[in-house]
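Visitor:
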Amino acid sequence: MSLKPTPFDPVPMSTARIARAAFPKGNPYLCILDELDILWQDQDFAHLFARDGQPAECPARLALVTVLGL
């Protein structure tokens with residue numbers, strides 16, 4: 002498997018506005034990006050992948066989903 006690093010897309014302004022309206026007192030998941038910024042980037046995992054082969058899933062996103070699932 003190979004890694005083709007991809008940056009996280011910014012959250013659209015309308016999505017952020019609706020999420021904050023839905024949770025006016027806050028929500029731990031909404032605060033993660035505000036407080037911690039991006040926890041991991043694909044480049045943090047690049048040394049674990051070969052330079053050629055089938056592209057892998059984004060490891061930074063998989064790590065984030067794993068941590069949030071706990």
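Per our numbering, the sequence shown starts with residue 2, numbered consecutively.
Glycine residues also receive a C-beta, built at the ideal position from the N, C-alpha and C atoms.
Less than 8 Å between the CB atoms is what I'm expecting for Arg18 and Leu31, so what's the real figure, rounded?
Guide: As a first step, residue 18 must be located in the sequence shown, where it is residue number 17. As a first step, residue 31 must be located in the sequence shown, where it is residue number 30. Not really, about 12 Å apart at Cβ, beyond 8 Å.
Visitor: Once the 5 residues before and after Gln55 are set aside, which same chain residues still bring their CB inside 8 Å of it?
Guide: Numbered from 1 along the sequence shown, position 54 holds the residue referred to as residue 55. Met2, Ser3, listed in sequence order.
Visitor: If you count every other CB in all the chains shown that lies within 10 Å of the CB of Asp10, and 16 or more means buried, which is it?
Guide: In the sequence shown, residue 10 corresponds to position 9, counting from 1. So Asp10 ends up on the exposed side.
Visitor: What did DSSP end up calling Pro29 once you bin it into helix, strand or coil?
Guide: Here residue 29 refers to the residue found at position 28 when the sequence shown is read from its first residue. The answer is helix: DSSP assigns Pro29 an H, G or I state.
Visitor: Check for me: the alpha helix (DSSP H) holding Ala20 runs from which residue to which?
Guide: Translated into positions along the sequence shown, residue 20 becomes position 19. Per DSSP, Ala20 belongs to the alpha helix (DSSP H) from 14-23.
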